[in-house]
Amino acid sequence: MLALLILPLYVPVLVFGVGAADPAASAAWSNANFSLLAAALCIALWLCPWASAAALRISME
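Start counting the sequence shown at 2; every next residue gets the next number (the numbering used here).
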């Protein structure tokens with residue numbers, strides 16, 4: 002069940018990662034994919050402390 006809940010979080014990373022690693026794509030398209038991956042990383046790093054705190058609060062109840 003948990004895998005099905007987390008699956009939508011993996012899909013964008015897989016799509017943009019494959020697009021960035023595709024050697025047949027132009028350099029501009031690869032740069033766009035790397036930029037989107039970096040934006041997703043920044044958002045994840047920004048949200049992780051709050052998500053961890055919420056998980057700890059829930060587990061303490």
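Just so it is clear, CB atoms sit at the ideal spot from N, CA and C, and this is done for glycine as well.
None of these values were measured; they are calculated from a predicted model.
Status (buried if at least 16 other CB within 10 Å, exposed otherwise) for residue i
i	result
Asn34	buried
Nonlocal neighbours in the same chain, by C-beta distance under 7 Å from residue i, ignoring five residues either side
i	result
Ala21	Ser31, Asn34, Phe35, Leu38
Glu62	none
Supposed close pair residue i, residue j - CB separation, criterion 8 Å
i	j	result
Ala41	Pro13	6 Å
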